[in-house]
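Asks: Questions regarding the structure given below will be posed in turn.
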Amino acid sequence: MTAPTKPPHSSPARADADAPGADLHSPVIDWFDDNARDLPWRRPEAGAWGVMISEFMLQQTPVSRVLPVYEQWLARWPRPADLAADAPGEAVRAWGRLGYPRRALRLHGAAVAITERHGGDVPSDHAQLLALPGIGEYTAAAVASFAYGQRHAVLDTNVRRVFARAVTGVQYPPNATTAAERKLARALLPDDEPTAARWAAASMELGALLCTAKNETCVRCPIAAQCAWRLAGKPEHDGPPRRGQTYAGTDRQVRGKLLAVLRAAHVPVPQSALDRVWHEPVQRARALDGLVADGLVEPLPGGLYRLPLT
DNA sequence: CACACGTGGAT
DNA sequence: TATCCAAGTGT
């Protein structure tokens, strides 16, 4: 459809026609209509609980690894109250190798809170979502938008990268989310709720599928013609180096090894079994203490350990 | 605000 | 092989 001459005053049907980023909405949403992945948490039957589970699992973990675990969780704990009634250690065990197992503990805690405070229904109110353990700025907006169709700026790493390039004209967004990014995201939000929710999902999908961190696919991008970064000749990121993660030899690696033993065990494990995962006793003890302090491991009398029962 | 927090696939 | 990266949160 051809764009008619811009009317002197915006009509209700095109309420955001003059708003910032209005020229991005239609191309990105239309592209999403044709290219969105058929992910289980996007199906209507997933419900708000399914959306919430997926958002926890997708925090720093790729879709491909989340898919099978997501299906297992939803089948085993179809409602928040089902998870709340089970032991937190079972959530940690079922988390498998998704990484960052504290997310499993927090998701269990969120299920308990939902059962106690919200009658077992995932709240739709942003502030109530934000008050749940494991839910921060991004996840609260994501659940409210994806599950309940509300109008929120959903600023994840994909959206931040798309905005950095298409609007700001730089290759990468800042290390941490800035006030300027929040302001921009709000300014770019379509006025009406359903379109805003669609835009949130579409802009995120664009970052996930085409406008990726490396090897971006501008030839298929629906907004390549307007992309500030591409128009500027795609200059390389200059600023401070993007924070890299080290892993080998860290406490995180040791914690991972300890927890792997406990996930596989269905009876309490003796200290000696845990000692075998790491040779350095000081670091090993520190890692185990950390897991206990985090509530991921429950110490028992007699030098035995297990995943938390309560 | 910088850092801790898992894991595995891709380059 | 060494890095980078993947729908962040909590402190």
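Quick note on the UniProt record's numbering: the first sequence kicks off at 1 and runs consecutively.
Don't be surprised by glycine CBs; every beta carbon is placed ideally from N, CA and C.
None of these values were measured; they are calculated from a predicted model.
#1: Please work out which residues of its chain come closer than 8 Å, Cβ to Cβ, to S54, disregarding the five sequence neighbours upstream and downstream, and give them in chain order.
#2: Starting from P299, trace the beta strand (DSSP E) both ways and give me its first and last residue.
#3: Restricting to Cα atoms, I'd like to know which of L296, R306, D156 is closest to T61.
#4: Quick check on Y138: buried or exposed, where buried means 16 or more other Cβ atoms within 10 Å of its Cβ?
#5: Who does Y305 pair with in a DSSP beta bridge?
#6: Distance check for P268 and G302, CA to CA, integer angstroms please.
#7: What residue range is occupied by the uninterrupted alpha helix (DSSP H) comprising W199?
#8: Pick out whichever of A265, P174, W199, D82 has its Cα sitting closest to the Cα of L188.
#9: Tell me, to the nearest whole angstrom, how far the beta carbon of V154 is from that of W49; I am working on the premise that it is less than 8 Å.
#10: Check whether the Cβ atoms of L262 and R306 sit closer than 8 Å, and answer yes or no.
#11: Between A197 and R151, how many whole angstroms is the CB-CB distance? I'm expecting something under 8 Å.
#12: Quick one: what does DSSP say R160 is sitting in, helix, strand or coil?
#13: Which residue from G207, V170, V143 puts its Cα closest to that of P235?
#14: Helix or strand or just coil, what does DSSP make of Q60?
#15: How many angstroms separate the CA atom of A142 from the CA atom of V63?
#16: Quick one: what's got a C-beta closer than 7 Å to P190's C-beta in the same chain, skipping five residues either side?
Replies: In brief:
#1: Position 54 of the first sequence, counting from 1, holds the residue named residue 54. Once the five neighbours on either side are set aside, the close Cβ partners of S54 are L39, P40, W41, A46, V66, Y70.
#2: Taking the first residue of the first sequence as 1, we reach residue 299 at position 299. Residues 298-300.
#3: Taking the first sequence and counting its residues from 1, the one referred to as residue 61 is at position 61. When each option's Cα is compared against that of T61, the closest is D156.
#4: Counting from 1 along the first sequence, the entry for residue 138 is found at position 138. Burial call: buried.
#5: Here residue 305 corresponds to residue number 305 of the first sequence, with the count starting at 1. According to DSSP, Y305 bridges with V269, P299.
#6: For the purposes of this step, residue 302 is taken as the residue at position 302 of the first sequence. For the purposes of this step, residue 268 is taken as the residue at position 268 of the first sequence. Going from the Cα of G302 to the Cα of P268 covers about 10 Å.
#7: One-based indexing of the first sequence puts residue 199 at position 199. First-last of the alpha helix (DSSP H) with W199: 193-209.
#8: Within the first sequence, residue 188 is the residue found at index 188, counting from 1. The residue with the shortest Cα to Cα distance from L188 is W199.
#9: Taking the first sequence and counting its residues from 1, one reaches residue 154 at position 154. Taking the first sequence and counting its residues from 1, one reaches residue 49 at position 49. In fact, because the Cβ distance is near 19 Å, the residues do not count as touching under 8 Å.
#10: Indexing the first sequence from 1 puts residue 262 at position 262. Indexing the first sequence from 1 puts residue 306 at position 306. Yes, these two residues count as a Cβ contact at 8 Å.
#11: As a first step, residue 197 is located in the first sequence; it is residue number 197 there, counting from the start. As a first step, residue 151 is located in the first sequence; it is residue number 151 there, counting from the start. That pair is a contact at about 7 Å.
#12: Taking the first residue of the first sequence as 1, we reach residue 160 at position 160. In the structure shown, R160 sits in a helix (DSSP, three-state: H, G or I).
#13: Taking the first residue of the first sequence as position 1, residue 235 is located at position 235. Comparing Cα positions, the closest option is V170.
#14: Residue 60 sits at position 60 when you count from the first residue of the first sequence. Coil, per DSSP.
#15: Against the first sequence, residue 142 aligns to sequence position 142. Against the first sequence, residue 63 aligns to sequence position 63. Looking at the two C-alpha atoms, the distance is approximately 16 Å.
#16: Residue 190 sits at position 190 when you count from the first residue of the first sequence. Taken in chain order, the residues that qualify are D16, H25, A196, W199.
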